[in-house]
Every structure is written in structure tokens, then in C-alpha cells.
């Protein structure tokens, strides 16, 4: 089945079956384009990242993995500032002839990624595009002290996990 056969309302109903609902939400997910949460006092960090199928989906990568990758990119940005994720918003744009099972995989990947960091997908938007585009915005609460590049000095130790360049290597 293709997305164009269902329409936005049915797709939103389907998304509601694919993702977990945050028990702290003050609005009913799916009825509004936004959510509301009562948050603790503190410092919050906000960021956004997106992935496009043509530049970010590696050979053999599933749509679920692509969506999770977008969540993880946001988490990395929050962590770099000393923040723990509180929630995510996702805008997903897809071709109208996109396969329904792949649509489901995208939202399973978004929810899986959020769950890995004890968080939730709080809302977002659906749209049409010529290729798969997934944009995720995240916000997180700083637990101790905000980390800024401004404080970096020559000679500081910089630690990373994993390897750089694997995405680029896969396209070669």
C-alpha cells in the first residue's frame, strides 16, 4: 500500500500505534501539532539535525536505522553540551508513492532511538517530498554544568567514542 492511498489523518492514527506516549504529556498526541510538558527548573539545550535518503542512507541501511541515526545525532549534540534528552520532535517528508511498511519502519526507528535514551517522540509533522527527509529537533536538561566550546583551550584533552568517517567510506 502507498501513502497516497491513506491520507494524513490515517497516517497520524497509524503513527499513534507505532510510538510510545509520554505519560508526562499535557496534550493528547496526534490531535495537536505540538505537545506541552511541565518541566523542572534548570537549563535546557535545544538542537536539530536532519537526514536525507540521498546523502545519509548507506547501502543496506534500513529506514528504521536511518530514523534512529537522526535521533542519535541529536543526542550526541545534547551530550556535547552536558544535557540529557527530555524529548524529540520529528518532521518526516516522504514521496507520495512511498511504501507503507517503510513508513512504519521510520517511526519504529524514531521511537526506538528515543527509548534508548529514556525519552519520547512528542510530536512533529508529516509532509511530501521527492525523497525521504527526516528532521529531528531535541531538547535536554543540563544535569550539572553546560559545556561550551568557548572554554576549550589549546592542550585540552578531547575524547571521542567510535570512529570518524565510516559514513563517507560506505559511499566510496
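Numbering (the working numbering), first residue to last: 3 to 174.
Beta carbons are placed, not taken as given, at the ideal position from N, Cα and C, and that holds for glycine.
Computed from a predicted model, the values in this text were never measured in an experiment.
Hey, quick one: how far does the beta strand (DSSP E) through residue i stretch, first residue to last?
| i | result |
| --- | --- |
| residue 46 | 46 to 54 |
Within its chain, find whatever has a CB closer than 8 Å to the CB of residue i; leave out the 5 residues flanking it on each side and keep chain order.
| i | result |
| --- | --- |
| residue 132 | 97 |
| residue 46 | 85, 88, 141, 142, 143 and 144 |
| residue 76 | 49, 50, 51, 87, 90, 138, 139 and 140 |
| residue 42 | 143 |
Could you spell out where the alpha helix (DSSP H) holding residue i opens and where it closes?
| i | result |
| --- | --- |
| residue 14 | 10 to 20 |
How long is the line joining the alpha carbons of residue i and residue j, rounded to whole angstroms?
| i | j | result |
| --- | --- | --- |
| residue 74 | residue 7 | 31 Å |
| residue 40 | residue 91 | 16 Å |
| residue 114 | residue 19 | 14 Å |
| residue 162 | residue 9 | 43 Å |
| residue 11 | residue 109 | 16 Å |
| residue 166 | residue 130 | 32 Å |
| residue 70 | residue 59 | 11 Å |
| residue 21 | residue 78 | 22 Å |
Spatial neighbours of residue i within its chain, please: CB distance less than 7 Å, with the 5 preceding and 5 following residues excluded, ordered by chain position.
| i | result |
| --- | --- |
| residue 116 | 73, 90, 122 and 123 |
| residue 118 | none |
| residue 5 | 13, 96, 98, 100, 102 and 105 |
Beta-carbon within less than 6 Å of residue i's beta-carbon, same chain only, minus the 5 sequence neighbours each way: which residues are those?
| i | result |
| --- | --- |
| residue 127 | 93 |
| residue 3 | 102 |
| residue 25 | none |
In the region 72 to 142, which residue ranges form an unbroken beta strand (DSSP E) of at least 3 residues, counting only runs that do not cross its ends? Runs of beta strand (DSSP E) with 3 or more residues, each lying fully within the region 72 to 142, are found at 85 to 96 and 123 to 130, listed in chain order.
With three or more beta-carbon pairs closer than 8 Å as the criterion, would you say the region 131 to 144 touches the region 61 to 77? Yes, they touch.
Is it true that the region 98 to 115 meets the region 48 to 58, where meeting means three or more beta-carbon pairs spaced less than 8 Å apart? No contact exists between the region 98 to 115 and the region 48 to 58.
Tell me whether the region 148 to 157 and the region 81 to 93 touch, counting them as touching only if at least three CB pairs, one residue from each stretch, are closer than 8 Å. Three or more beta-carbon pairs separated by less than 8 Å link the region 148 to 157 to the region 81 to 93, which places the two stretches in contact.
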